[in-house]
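See below for the structure under consideration.
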Amino acid sequence: MKKIAIVGLGFVGAAMSVAIASKLKKRKEKFIVYGLERNNKQGKDICNSFTNGNFPFDTTDNLLIKKTAEVIKNKNLVVTTNKNCLSDCSIIVIDINLDLKKFNESLKDYKKSIIEISKFLKDDVLIIVETTLPPGFCNKIIYPIIKREFVKKNKKIEKLKFVHSYERVMPGKNYIKSITDYFRVYSGINNQSAIAAENFFRSFINTKKYPLCKLDKLEESEFAKILENTYRTVNIALIEEWRSLGEELNIDLFRVIDAIRYRKTHKNIMLPGYGVGGYCLTKDPLFGKISSKKFYKNKFKFPLTQKAMNINKKMPITTLLKIKKIFKNLNFKKILLLGISYKSDVSDTRDSQSKLLYDYLKKNKSILTLHDPLVKYWKESSVDVLNKLPNLNEFDLVVFLVNHDFYKKINFDVKIKNKKITIFDANGVLNKKQINQIKNKRIRLLFNGR
Numbered sequence: 013m014k015k016i017a018i019v020g021l022g023f024v025g026a027a028m029s030v031a032i033a034s035k036l037k038k039r040k041e042k043f044i045v046y047g048l049e050r051n052n053k054q055g056k057d058i059c060n061s062f063t064n065g066n067f068p069f070d071t072t073d074n075l076l077i078k079k080t081a082e083v084i085k086n087k088n089l090v091v092t093t094n095k096n097c098l099s100d101c102s103i104i105v106i107d108i109n110l111d112l113k114k115f116n117e118s119l120k121d122y123k124k125s126i127i128e129i130s131k132f133l134k135d136d137v138l139i140i141v142e143t144t145l146p147p148g149f150c151n152k153i154i155y156p157i158i159k160r161e162f163v164k165k166n167k168k169i170e171k172l173k174f175v176h177s178y179e180r181v182m183p184g185k186n187y188i189k190s191i192t193d194y195f196r197v198y199s200g201i202n203n204q205s206a207i208a209a210e211n212f213f214r215s216f217i218n219t220k221k222y223p224l225c226k227l228d229k230l231e232e233s234e235f236a237k238i239l240e241n242t243y244r245t246v247n248i249a250l251i252e253e254w255r256s257l258g259e260e261l262n263i264d265l266f267r268v269i270d271a272i273r274y275r276k277t278h279k280n281i282m283l284p285g286y287g288v289g290g291y292c293l294t295k296d297p298l299f300g301k302i303s304s305k306k307f308y309k310n311k312f313k314f315p316l317t318q319k320a321m322n323i324n325k326k327m328p329i330t331t332l333l334k335i336k337k338i339f340k341n342l343n344f345k346k347i348l349l350l351g352i353s354y355k356s357d358v359s360d361t362r363d364s365q366s367k368l369l370y371d372y373l374k375k376n377k378s379i380l381t382l383h384d385p386l387v388k389y390w391k392e393s394s395v396d397v398l399n400k401l402p403n404l405n406e407f408d409l410v411v412f413l414v415n416h417d418f419y420k421k422i423n424f425d426v427k428i429k430n431k432k433i434t435i436f437d438a439n440g441v442l443n444k445k446q447i448n449q450i451k452n453k454r455i456r457l458l459f460n461g462r
């Protein structure tokens with residue numbers, strides 16, 4: 013029987029474990045996928061959720077929900093906090109997070125986890141690291157730790173197969189398909205490792221439609237993830253910079269960008285928005301500087317990257333200034349904030365840019381109501397969030413912050429009767445029909461980028 017372990021059942025590892033287990037069940041070879049979590053409250057909660065047949069995080073992906081129940085019921089996926097499950101595994105996928113904001117502490121924990129994992133490894137195991145890492149991390153940190161543990165136990169390091177292949181998991185409606193139906197980049201420490209990884213990926217990824225991309229060095233795979241997200245970061249900052257001029261000239265930047273996108277080479281140009289949140293774009297670009305400083309003793313400054321991140325971090329201030337311009341005094345103004353998660357159609361609130369606006373309005377004694385179709389409790393702000401849309405007519409200001417599909421279904425012909433209300437679409441949420449409905453009622457409507 014083939015045994016595979018996914019170490020770390022967070023937003024990436026949890027979906028990865030279900031994706032692999034659901035795909036491999038169609039093969040004739042018997043197998044079992046272990047999902048390994050830490051032996052603490054959070055880890056036990058995740059395991060309990062899985063054991064009950066439920067995906068441990070809120071999701072709008074019905075396929076993922078269905079597949080989770082199936083693989084647990086059929087015992088294709090077994091979740092545990094016991095590291096002994098690693099000892100018989102021929103493949104181990106590492107999805108442990110490296111936290112940039114607490115880098116030194118996180119680095120210490122990461123090393124400790126790798127040491128613990130190394131104690132249970134078979135000689136000929138295939139290790140695939142999916143963590144987003146500073147270029148050089150695998151060669152400078154992870155591989156040497158494993159090598160030392162192999163030497164201690166007289167294991168043959170030449171049999172070890174070691175690969176880095178960064179994740180591109182996208183929580184949302186196509187959560188599980190972002191793993192099984194998407195391009196995969198990888199690199200091995202040697203050719204033997206790369207071949208083993210390719211065979212494994214072909215077992216659960218639709219490689220006919222989404223071919224694998226092999227790079228020559230571990231650093232190249234690490235580098236690719238960082239550069240990919242840095243490109244997106246700079247793209248966002250560029251549009252934010254030009255948004256100011258567009259609004260000054262009364263230009264609808266959304267229409268301009270749609271026109272530019274007719275050119276196939278420019279389809280990925282970003283749209284104006286409220287801000288940049290989440291766990292990737294707020295930290296991944298900084299890994300270049302860390303890599304340069306800690307592993308290669310260079311002094312590269314990355315000025316464009318740093319400038320772009322600074323611009324993006326300040327993006328919510330644009331919305332704040334526009335609100336202050338409308339309401340000279342925000343005290344006791346009834347304000348509804350729509351969208352608390354960091355991106356559309358997910359429940360993840362880590363680094364949500366909604367927090368900056370929320371904190372400011374709360375400080376100014378505004379009467380705040382929060383709504384999100386997927387978030388019930390905002391952990392970072394310690395506040396409950398409505399899932400049912402309240403009566404919009406009760407508010408002085410309604411601000412759309414997150415582009416949830418739920419908000420695109422609001423019928424303003426029915427929902428709005430209060431002519432004194434102000435609606436602010438801060439993130440390109442409203443469609444043309446909704447915009448016309450609001451304008452026809454002669455209600456004040458504001459945008460970022462229009």
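Take our numbering: the final residue in the sequence shown is number 462, and no numbers are missing along the way.
Each residue gets a CB set at the ideal place from its N, CA and C atoms; glycine is no exception.
Given the structure is predicted, the values throughout are model-derived calculations rather than measurements.
Below 9 Å between beta carbons: does that hold for residue i and residue j?
i           : j           : result
residue 209 : residue 140 : yes
residue 130 : residue 161 : yes
residue 360 : residue 69  : yes
residue 172 : residue 133 : yes
residue 320 : residue 224 : no
residue 36  : residue 116 : no
residue 185 : residue 72  : yes
residue 384 : residue 397 : yes
residue 352 : residue 436 : no
residue 16  : residue 118 : no
residue 197 : residue 190 : no
Identify every residue that forms a DSSP beta bridge with residue i.
i           : result
residue 390 : 395
residue 197 : 225
residue 17  : 46 and 104
residue 141 : 106 and 176
residue 347 : 380 and 409
Rounded C-beta distance between residue i and residue j? I'm assuming under 8 Å.
i           : j           : result
residue 90  : residue 44  : 6 Å
residue 79  : residue 217 : Between residue 217 and residue 79 the Cβ distance is about 15 Å, and since that is not below 8 Å, they are no contact.
residue 22  : residue 47  : Actually they are not in contact, since the Cβ atoms of residue 22 and residue 47 sit about 11 Å apart, beyond 8 Å.
residue 410 : residue 379 : That pair is no contact at about 13 Å.
residue 408 : residue 447 : That pair is no contact at about 20 Å.
residue 266 : residue 440 : 6 Å
residue 105 : residue 30  : The pair is not a contact, with the Cβ atoms about 13 Å apart (cut-off 8 Å).
residue 288 : residue 324 : 4 Å
Can you name the start and end residues of the beta strand (DSSP E) that residue i belongs to?
i           : result
residue 175 : 173-176
residue 459 : 456-459
residue 412 : 409-412
residue 434 : 434-437
residue 91  : 89-92
For the alpha helix (DSSP H) containing residue i, list its first residue and its last residue.
i           : result
residue 270 : 265-272
residue 192 : 189-192
residue 381 : Premise fails: residue 381 lies in the beta strand (DSSP E), 379-383, not in any alpha helix (DSSP H).
residue 59  : 53-63
residue 247 : 230-260
residue 212 : 203-214
residue 324 : 315-325
residue 36  : 25-36
residue 465 : Here the chain has residues from 13 to 462 only, and residue 465 is not among them.
residue 373 : 366-375
residue 293 : Neither: residue 293 is in no alpha helix (DSSP H) and is coded neither H nor E.
residue 80  : 74-85
Tell me, please, whether the segment 225-242 touches the segment 176-186 by the rule of three or more beta-carbon pairs shorter than 8 Å.
-> yes
Would you check if there are 3 or more beta carbon pairs closer than 8 Å linking the segment 351-360 to the segment 316-332?
-> no
Segment contact, 8 Å Cβ cut-off, at least three pairs: the segment 239-249 with the segment 416-430 = no
Should the segment 383-396 be regarded as contacting the segment 320-333, the criterion being three or more beta carbon pairs within less than 8 Å?
-> no
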